Structures are given as structure tokens and as C-alpha cells.
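Structure record follows, encoded as C-alpha cells.
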Amino acid sequence: MTTMRGLAVVLLTTIGLVVAACSGAASSAPGPASPPIVGGLPVTTEADAVARLVAVEPRFAGIGPRDPDLIGQSSWFEVAPASGGGAFLVTMRIGWGDCPAGCIDEHRWLYAIGPDGAVTLQSEAGSPVPAEVWPAASSNGDVNQGLRIAAVAGPTCPVEKMPPDPACAPKPVPNVTVEIVDADGNQQALVMLDGAGQESVELEPGVYTVTAQGTAGFMGGPEAQQVTVEDGQVTEVTLAYDTGIR
């Protein structure tokens with residue numbers, strides 16, 4: 028006959044085994060491949076999603092949106108809505124090696140950006156990215172030699188006045204992606220202009236072609252400009268977007 032003390036021992040032993048089994052199962056379950064990184068500002072637009080990703084991985088800062096009409100675009104991103112309110116999926120791609128013919132190598136990342144600013148790597152594939160292939164770092168400050176780039180849009184008023192009305196002055200175009208190619212056709216820099224539509228790039232003396240990508244809301248992009256960087260000099264480049272206002 029089982030005593031009350033014996034029954035209590037059996038029950039406690041059984042409970043202990045159950046708890047241990049549950050703990051073992053929980054510890055053996057695989058965790059997420061990439062835990063979310065939280066702490067950014069609320070994400071409500073595609074631009075917010077890209078900005079949050081760049082804040083987490085600054086090396087993506089020089090990459091612009093994919094342009095199907097741009098031949099030889101080596102690096103680009105695409106943004107798509109994800110399931111769940113305010114969430115986005117961002118694909119980042121870096122290609123290299125004869126990109127006018129389609130790029131020999133590439134690497135892609137897929138990130139989920141939550142409405143709370145959480146960034147989670149979903150997948151990545153491709154060859155390791157060589158250090159020299161990452162978009163060139165640039166500086167908003169002064170450079171000793173190179174280019175100082177500004178993007179502006181105009182006209183901003185249907186009728187020009189004399190004297191000119193300050194309210195009708197050209198407006199800056201922020202976050203424009205600009206490619207700089209040398210005389211041999213080699214990409215020397217791929218930069219994104221800042222919130223004021225400006226950027227400075229350090230370059231060796233030589234002849235360069237500066238091309239800005241088209242931006243929504245304007246009549247195409249500015250024409251490519253050929254500029255010369257001289258030893259110890261900074262060349263000013265203004266990229267003019269057409270608003271279509273007449």
C-alpha cells in the first residue's frame with residue numbers, strides 16, 4: 028500500500044522529469060539565423076526602410092534604386108511590401124566584373140524591415156564581395172582634390188520675375204545616386220547625395236563622367252557631364268533636374 032509520503036515522492040519525480048524534458052526540447056530548437064536589430068525610427072515608407080537598413084549597414088549607403096533602363100548598373104536595391112502592416116522587404120545587390128554585359132559576379136541580400144525599425148537578414152547568396160567593389164565612401168565635408176556635387180530642380184515657378192524671386196530659386200534634390208566613371212570607363216565612385224542634395228568626392232586628377240540617376244517626380248535625369256579634376260583643385264558640378272513647370 029502506497030503511503031502519502033511515497034505518493035508525494037512519485038509526483039515530484041514525475042514533475043521533475045516533465046520539466047527537464049520540456050527544457051531539453053526548448054534548448055534544442057533552432058534559433059533565428061539573424062536576430063532582428065531594433066532601435067530605429069518608425070518605418071512608414073520605402074525610403075524609411077532603406078534609410079534604416081543603411082543605418083545598420085553603412086556600406087550600402089552608396090547604392091541607389093534599380094533602374095531597368097540603366098545599362099550596366101552594377102549595384103542597386105529594390106523595395107517591396109511585406110506581410111504585416113508597414114513592413115518592407117529590401118533586396119540589395121552588388122555586382123562586379125564586366126557589368127555592361129551583365130556582371131560576372133554578384134552578391135544579394137534580402138532584409139525584412141519592420142514598422143518598428145527592426146532589421147532582419149532573411150537570406151543572402153553569391154560570391155564574397157571584394158573590398159574594392161563596395162560603393163566608394165564619400166564625405167560631406169571639404170575635399171582637397173576632386174568633385175563637389177550638387178543636384179537642383181527647376182523651374183519652381185511658372186513665371187520668372189525680375190528681379191528674381193527667392194521663392195522661385197531652384198530646390199535641392201536629396202538622396203540622388205551619382206556614378207563617377209573615369210576616362211577608361213571604370214567606375215571610380217558611386218555615391219548618394221545627402222538630404223541637401225550635395226556631396227564631395229576625393230578623386231585623382233583626370234577626366235571623369237558624372238551621371239545622376241533619374242528620380243521620381245522629374246522629367247528624367249540630368250544629362251551626363253564630363254568634368255576635369257586638376258591637381259589640388261575641387262571642381263564644382265551642378266546636376267539640374269527638370270520639374271516640368273512652364
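Residue numbers (this note's numbering): 28 to 273. Glycine included, C-beta positions come from ideal geometry on N, C-alpha and C. Predicted model, so just to flag it, every value in this text is computed and none were measured.
Asked	Found
N- and C-terminal bounds of the beta strand (DSSP E) containing E206	204–209
Rounded Cβ spacing between G91 and M219 (contact assumed at less than 8 Å)	6 Å
Contact check, G89 vs P157, beta carbons under 8 Å	no
Beta-carbon gap between G5 and S227 smaller than 8 Å	The requested residue 5 does not occur in the structure, where the chain is confined to residues 28 to 273.
Contact between the stretch 227–237 and the stretch 192–203 (3+ Cβ pairs under 8 Å)	no
Local Cβ density within 10 Å of I98, reported as buried at 16 or more and exposed below that	exposed
Own chain, CB closer than 6 Å to A56, minus 5 neighbours either side, in chain order	Because the pLDDT at A56 is just 31, under 50, the model does not fix this residue reliably, and the value given afterwards should be weighed accordingly. No residues qualify anywhere along the chain.
Expected contact under 8 Å - CB spacing of V234 and T255 to nearest Å	5 Å
Residues of its chain near S54, where Cβ-Cβ distance is below 8 Å and the 5 sequence neighbours each way are ignored	Bear in mind that the predicted position of S54 carries a pLDDT of just 34, short of 50, making it too unreliable to give a figure here.
Spatial neighbours of T265 in its chain, beta-carbon cut-off 6 Å, leaving aside the 5 residues before and after	A177
Spatial neighbours of V208 in its chain, beta-carbon cut-off 6 Å, leaving aside the 5 residues before and after	Q214, T236
A21 in three-state terms, based on DSSP	Since the first residue shown for the chain is 28 and the last is 273, residue 21 is missing from the structure and cannot be characterised.
Spatially closest choice to T118 from A152, G124, D132, by CA coordinates	A152
Proximity of G144 and R79 at Cβ, strictly below 8 Å	yes
Nearest-angstrom Cα separation, counted from A109 out to E206	30 Å
Boundaries (first-last residue) of the beta strand (DSSP E) holding R175	173–181
Alpha-carbon to alpha-carbon, Q252 and Q149	39 Å
R114: first and last residue of the uninterrupted beta strand (DSSP E) it sits in	The residue asked about is misnamed: residue 114 is Ala in this sequence, not Arg. Element bounds for A114: n/a, residue is neither H nor E.
First through last residue of the beta strand (DSSP E) which encompasses T265	261–269
Every unbroken beta strand (DSSP E) inside the stretch 203–253 [3 residues or more]	204–209, 214–219, 225–229, 233–239
Buried/exposed call for V186, threshold 16 Cβ in 10 Å	exposed
First and last residue of the uninterrupted beta strand (DSSP E) at A158	No beta strand (DSSP E) holds A158; DSSP gives it neither H nor E.
Three-state secondary structure (DSSP) of V37	Note on V37: pLDDT 38, under 50, position unreliable in the model; the coordinate value appears next. Reduced to three states, the DSSP call for V37 is helix.
Three-state secondary structure assigned by DSSP to R86	helix
Whole-Å CB distance - R86 paired with W103, under 8 Å assumed	Rounded, the Cβ-Cβ distance is 15 Å, inconsistent with contact.
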